[in-house]
Amino acid sequence: MMLGICEVNMKIHAVLLGILLVGGLAGCSTAKQQTVDADGDYIAPASIYTVMDSTSLVYTDVAAGAALNDHPLRWVAFVSHPVGQGLDYGINRPLYTLSSKMPYLFGYTSEDSMLDSQRR
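Written as structure tokens, this is what we have:
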């Protein structure tokens, strides 16, 4: 029995959505860092300093706090980061520049201008 074009498209969309869902939930399956050992004693985190402490970077061993393979999609992010940068510089920023030239037509506000000026 032959499937119609709409049924094939729906199956493709369902498979792609399933792959996206599994990939998105993969981060939830990673092991949580243990704060109590088997005897019930407290295990201090890699850094006991707060983010607001100016010495936190000096006394924190970042490598001890996060393993290289602590998230299954880390290497996908490393590879896709340049793609995102290319899309930002190739599509997003030129669109902001175009919309800033005609603010009434595109709804470009002073807040958009401020955010655009703070980009690196």
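The working numbering puts the first residue of the sequence shown at 147, with every later residue one more than the last. Beta carbons are placed, not taken as given, at the ideal position from N, Cα and C, and that holds for glycine. Keep in mind the model is a prediction, meaning the values are calculated, not measured.
Throw me the rounded Cβ distance for the L219 and A172 pair, which I believe falls under 8 Å.
So it is a contact: roughly 6 Å between Cβ atoms.
Euclidean distance between Cα positions of M156 and L166
Rounded to whole angstroms, the separation of the alpha carbons of L166 and M156 is 15 Å.
Own chain partners of F252 with C-beta closer than 6 Å, once the 5 adjacent residues on each side are dropped:
When the five nearest sequence neighbours on each side are left out, the beta carbons in the same chain lying within less than 6 Å of the beta carbon of F252 are those of S245, in order along the chain.
Between Y254 and M248, what straight-line distance do the alpha-carbon atoms span, to the nearest angstrom?
Near 8 Å, if we compare the C-alpha coordinates of M248 and Y254.
Cα-Cα separation between C152 and L163, rounded to whole angstroms:
Roughly 16 Å between the two C-alpha positions.
Looking at the structure shown, is Y188 part of a helix, part of a strand, or coil, going by DSSP?
Residue state for Y188 is assigned as strand, using DSSP reduced to three classes.
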